[in-house]
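Under our numbering, the first residue of the sequence shown is numbered 464, with each subsequent residue one higher. All C-beta atoms, glycine included, are put in the ideal place defined by N, C-alpha and C.
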Amino acid sequence: MILAIVLYFAAMLAIGYYSWCRTKKYDDYVLGGRGLPPFVAAISAGASDMSGWLLMGLPGALFVAGFSELWIVIGLLIGTWANWKWVAPRLRSYSEVAGNSITLPSFFENRTRDSSRVLRITAAIIIIFFFTFYVSSGMVAGGKYFESTFGGEYLTGMLIIGAVTVIYTFIGGFLAVSYTDVVQGMLMFFALLTVPVIALFALDTPSEIFSFAAENPYGPFPEANPTYFNLFAGVSAVTIISNLAWGLGYMGQPHIITRFMALRSPAEAASARRTGTLWVTLCYIGAIFTALVATVFFTQTGAQVTDPNGETIFLDMTRVLFHPLVAGIVLTAVLAAIMSTMSSQLLITSSALIEDLYRVLGKRQLAGERLLLLSRAMVVLIALVAIALAANPSDTILGLVGFAWAGFGAAFGPVVIASLYWKGLTSQGAIAGMITGAVTVFMWGSVDSPITEMYEIVPGVILATAVMVAVSATTRTRPGVAEEFDTAMRVNDYAMRNPEASFEQALERNRGADA
Numbered sequence: 464m465i466l467a468i469v470l471y472f473a474a475m476l477a478i479g480y481y482s483w484c485r486t487k488k489y490d491d492y493v494l495g496g497r498g499l500p501p502f503v504a505a506i507s508a509g510a511s512d513m514s515g516w517l518l519m520g521l522p523g524a525l526f527v528a529g530f531s532e533l534w535i536v537i538g539l540l541i542g543t544w545a546n547w548k549w550v551a552p553r554l555r556s557y558s559e560v561a562g563n564s565i566t567l568p569s570f571f572e573n574r575t576r577d578s579s580r581v582l583r584i585t586a587a588i589i590i591i592f593f594f595t596f597y598v599s600s601g602m603v604a605g606g607k608y609f610e611s612t613f614g615g616e617y618l619t620g621m622l623i624i625g626a627v628t629v630i631y632t633f634i635g636g637f638l639a640v641s642y643t644d645v646v647q648g649m650l651m652f653f654a655l656l657t658v659p660v661i662a663l664f665a666l667d668t669p670s671e672i673f674s675f676a677a678e679n680p681y682g683p684f685p686e687a688n689p690t691y692f693n694l695f696a697g698v699s700a701v702t703i704i705s706n707l708a709w710g711l712g713y714m715g716q717p718h719i720i721t722r723f724m725a726l727r728s729p730a731e732a733a734s735a736r737r738t739g740t741l742w743v744t745l746c747y748i749g750a751i752f753t754a755l756v757a758t759v760f761f762t763q764t765g766a767q768v769t770d771p772n773g774e775t776i777f778l779d780m781t782r783v784l785f786h787p788l789v790a791g792i793v794l795t796a797v798l799a800a801i802m803s804t805m806s807s808q809l810l811i812t813s814s815a816l817i818e819d820l821y822r823v824l825g826k827r828q829l830a831g832e833r834l835l836l837l838s839r840a841m842v843v844l845i846a847l848v849a850i851a852l853a854a855n856p857s858d859t860i861l862g863l864v865g866f867a868w869a870g871f872g873a874a875f876g877p878v879v880i881a882s883l884y885w886k887g888l889t890s891q892g893a894i895a896g897m898i899t900g901a902v903t904v905f906m907w908g909s910v911d912s913p914i915t916e917m918y919e920i921v922p923g924v925i926l927a928t929a930v931m932v933a934v935s936a937t938t939r940t941r942p943g944v945a946e947e948f949d950t951a952m953r954v955n956d957y958a959m960r961n962p963e964a965s966f967e968q969a970l971e972r973n974r975g976a977d978a
């Protein structure tokens, strides 16, 4: 098992070195020169999205609570498709038309022509705050992985996994993150489809997986769960709405939508959408069947579930089923899920610190080599803060992810949609909406009321949208915003109608039309 993990780490570091050789400029480090093929963008977005939650958090939640947790999956599937369909192509076009923006905060500033810099700084602060918790969730998953797989110390595992992730992100930047994501995404895909199938063949009566948990005590639980297979039993309308609302968060996740900005052309979003949606659908099916098979597997084999929240059932099943070398290869999928998300988040947070805070607030401009060095230093700093937060975890992986997901979804989601579809968005409206969404998510859980059982992304998105629209309606867009909006839409429409044309050709054709 150790040999398999070492080989995996070596492969990730090799990709990091390869990407370092191709990363010569600061813009390459942050966005990869806008040259991602659709397959790479799709798998990279999916892998950076899913994290350890896909192989640990989701199977664990389904194992403990049953099918009532599937509402999250339904919401996320819809959100994945909608994000690629309605956000990806327009954001790819508009982010380059609007001052060749390479980060989400810089896009917001250029899109609204905010000369005060308040919008960009506010967005950067929100990214740094919520991503620190998000990276921390990855560190927690890494520590639990090490405990369950090797019986080692939580802190030791967290430090080893964090160190390798930081190294390849540090040296390779966006290209390293994207290409390691592809390898990691495919590992996750094959592991999620392989483990439940092999475990199914190990059962005495495989068909029992569709009834066992409802009729028998299973795993570590002393009683059966009669409503295990019922989507509606035991869950309120508030719970269903809350779980479906996870899909709302997609439009505001910087580590996902940055892949849209890095596509070679808006037209390639269609191919990426098909690939990405298929990948995530099959991965969800694998996670669901992992939980289903586990309800029978741990009862019949007598194997132990090492985590009381059920978040290690994938790890525990793999360790029992396979030869240590094979198990090590399969379990690298969990590492892949953890590390792919952490690396994306570290890079985005580093970019926010340097591109959207330091370069905006700094009194002197630095050369590209200095910016590269500073960006790499920030990767290390953010990782150290996340490790400190994760040293004594007080929440589940799903809890940490849920908080950060809601924060980005409420703060950025409405602004992203308005930026791409509403000419009347103003910088004041965007600032007010972002702050409202972030504060609502942060404060929601501290209010003791039945209404706060609703997932905080729901009130966050509603209030942020209302405030954004109200403030924008009472303020004026700055000169040139409407004309640039029209230009971006013409460029996007041409690129979508002519997929064989490069984006540069679409821009040139539009300049000719304007002339």
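query, result
"Does DSSP put Leu-499 in a helix, a strand or coil?", "strand"
"Give me the Cβ distance between Ile-624 and Val-879, rounded to the nearest whole Å; I'm assuming they're in contact under 8 Å.", "Going by Cβ atoms, the distance from Ile-624 to Val-879 rounds to 31 Å, so no, they are not a contact pair."
"Relative to the alpha-carbon of Gly-862, which residue among Trp-885, Gly-908, Ile-894 has its alpha-carbon at the smallest distance?", "Gly-908"
"State the DSSP-derived secondary structure class of Leu-726, mapped to helix, strand or coil.", "strand"
"Is Ala-587 closer than 8 Å to Ala-447 when the C-beta atoms are compared?", "Here the chain has residues from 464 to 978 only, and residue 447 is not among them."
"When the Cα atoms are used, what is the spatial distance from Met-906 to Val-783?", "43 Å"
"Three Cβ pairs or more, each shorter than 8 Å: is that satisfied between the region 546 to 558 and the region 706 to 724?", "yes"
"Could you work out which residue in Lys-607, Ser-890, Leu-883 is closest to Val-797 when comparing CA atoms only?", "Lys-607"
"Identify the continuous alpha helix (DSSP H) that holds Ser-599 and give its terminal residues.", "581 to 613"
"Output the distance between the C-alpha atoms of Arg-485 and Gly-773, rounded to the nearest integer angstrom.", "42 Å"
"Got a sec? Which residues, its chain only, sit under 6 Å from Phe-695 by beta carbon, not counting five neighbours each side?", "none"
"Under the three-state reduction of DSSP, which class applies to Ala-978: helix, strand or coil?", "For Ala-978, the predicted structure reports a pLDDT of 44, less than 50, and the residue's modelled location is therefore unreliable. A value from the coordinates is still provided. If DSSP states are grouped into helix, strand and coil, Ala-978 belongs with coil."
"Using a Cβ-Cβ cut-off of 8 Å (strictly less than) and excluding sequence neighbours within five positions of Ala-978, which residues of its own chain qualify?", "Residue confidence for Ala-978 is low, a pLDDT of 44 falling below 50, so the modelled location carries little weight; the figure read from the coordinates is stated next. Around Ala-978: no qualifying Cβ."
"Taking a contact to mean a Cβ-Cβ separation below 8 Å, would you say Ala-893 touches Met-931 in this structure?", "yes"
"Is the beta carbon of Ala-505 less than 8 Å from the beta carbon of Gly-739?", "yes"
"Does the separation of the CB atoms of Pro-922 and Ser-734 fall below 8 Å?", "no"
"Buried or exposed: Arg-960, going by 16 or more other Cβ atoms within 10 Å of its Cβ?", "exposed"
"Leaving out five residues on either side along the sequence, give the residues of the same chain with a beta carbon under 8 Å from the beta carbon of Arg-736.", "Ala-505, Trp-544, Trp-547, Lys-548, Ala-551"
"With a threshold of 16 other CB atoms inside 10 Å of the CB of Asp-779, please say whether the residue is buried or exposed.", "buried"
"By the three-class DSSP mapping on this structure, what secondary structure does Met-917 have?", "coil"
"How should Arg-941 be labelled, buried or exposed, when 16 other C-beta atoms within 10 angstroms of its C-beta is the threshold for buried?", "exposed"
"Looking only at its chain, what residues have a beta carbon closer than 6 Å to the beta carbon of Gln-716, apart from the 5 residues adjacent to it on each side?", "Phe-871"
"Please state whether the Cβ-Cβ distance between Leu-622 and Cys-746 is less than 8 Å.", "no"
"Can you tell me which of the three DSSP states Asn-706 falls into?", "helix"
"Mind checking Arg-939: buried by the 16 CB within 10 Å criterion, or exposed?", "exposed"
"Compute the Euclidean distance between the alpha carbons of Ser-803 and Ser-641, then round it to the nearest angstrom.", "8 Å"
"Starting from Ser-803 and walking both ways along the alpha helix (DSSP H), at which residues does that stretch end?", "787 to 816"
"Taking all protein chains shown into account, do 16 or more other C-beta atoms lie within 10 angstroms of the C-beta of Glu-532, making it buried, or fewer, making it exposed?", "buried"
"In three-state terms, what does DSSP make of Met-651?", "helix"
"How close, in whole Å, do the beta carbons of Leu-517 and Met-649 come, if the pair is a contact with beta carbons under 8 Å?", "Actually they do not touch by this definition, with Cβ atoms about 13 Å apart."
"Identify which residue in Pro-689, Ser-813, Asp-819, Leu-539 has its Cα closest to the Cα of Leu-741.", "Leu-539"
"Is it right to say Ala-849 is buried, meaning 16 or more other beta carbons lie within 10 angstroms of its own, or is it exposed?", "buried"
"Is the region 655 to 667 close to the region 746 to 766, with three or more CB pairs under 8 Å?", "yes"
"Which class does Lys-488 belong to by DSSP, given the choice of helix, strand or coil?", "coil"
"For Gln-763, does the three-state DSSP call read helix, strand or coil?", "helix"
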